[in-house]
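The next block holds one structure in the form of structure tokens; read it before the comments.
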Amino acid sequence: MAITFTNHLQANILDPLEALLKAEFTQPVSYDIDYVQRATNWFNLRPISDTVEEELAASHTRSYEVLVQYYRIVSGQHRKDTHIDTVASVMERVKRLIRNNTSHSTYFFNGSIENINYQPDTGDLSSDVLLVEATFSANVFEVV
0 MAITFTNHLQ ANILDPLEAL LKAEFTQPVS YDIDYVQRAT NWFNLRPISD
50 TVEEELAASH TRSYEVLVQY YRIVSGQHRK DTHIDTVASV MERVKRLIRN
100 NTSHSTYFFN GSIENINYQP DTGDLSSDVL LVEATFSANV FEVV
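According to numbering that gives the first Met the number 0, the sequence shown is numbered sequentially starting from 0.
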């Protein structure tokens, strides 16, 4: 007999997080592992971890982490008004968005942005590509 299950990463974390971002921003949201230019600016979601927080007899609480990447293509000399202010403004909105939805409907609870990295390793990317990474974490309660 086949087991029944719910893909909590998709149903309770990724889909609601994408919906929140799309409702607040006009930028597209993708799920690329390797860099793919999608527009002049966009979000990319990358699942990081799924950890059991508490195991009970008939349920458990899991903690999920997702890397929220924000890409922006800006050519020219790196300046505060064209490079720093724009991405900082977007990330402040992301922090407030998650803070305002820390418990998002029946999907997740304890949602938060744990940290923001304004200087991630960009490897071989063009100097015109700005990348900022935020770590989103949230819990999901599942009755088993």
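Yeah, the Cβ is synthetic: ideal placement off N, Cα and C, and Gly gets one too.
Source: prediction; values computed, not measured.
Under three-state DSSP, which class holds residue i?
i: His7; result: helix
i: Asp49; result: strand
i: Thr81; result: helix
i: Val73; result: coil
i: Arg98; result: helix
i: Ala87; result: helix
i: Leu130; result: strand
i: Arg61; result: strand
i: Leu124; result: coil
i: Ile12; result: helix
Going straight from the alpha carbon of residue i to that of residue j, what length do you get?
i: Gly122; j: Tyr69; result: 16 Å
i: Asp84; j: Thr39; result: 16 Å
i: Phe107; j: Ser74; result: 38 Å
i: Val28; j: Ile2; result: 32 Å
i: Tyr63; j: Lys79; result: 34 Å
i: Leu130; j: Asn116; result: 9 Å
i: Val143; j: Gln76; result: 55 Å
i: Ile47; j: Phe135; result: 10 Å
One question on the structure: do residue i and residue j come within less than 9 Å of each other, judged by their Cβ atoms?
i: Val139; j: Asn43; result: no
i: Ala57; j: Lys94; result: no
i: Ile97; j: Ser111; result: yes
i: Asp127; j: Ile72; result: yes
i: Val51; j: His59; result: yes
i: Val86; j: Leu16; result: no
Which residues in the same chain have their Cβ closer than 7 Å to the Cβ of residue i, if we skip the five residues on either side of it in sequence?
i: Asp49; result: Leu8, Arg61 and Tyr63
Skipping 5 residues on each side, what residues in its chain have a beta carbon closer than 8 Å to that of residue i?
i: Thr101; result: Phe108, Asn109, Gly110 and Ser111
i: Ser104; result: Pro15
i: Leu124; result: Tyr34 and Leu130
Excluding the five sequence neighbours on either side, which residues of its own chain have a C-beta within less than 6 Å of the C-beta of residue i, listed in chain order?
i: Asn114; result: Thr134
inquiry  = Under 8 Å, with one C-beta from each stretch per pair, do the segment 17-35 and the segment 0-8 reach the 3-pair mark?
reply    = no
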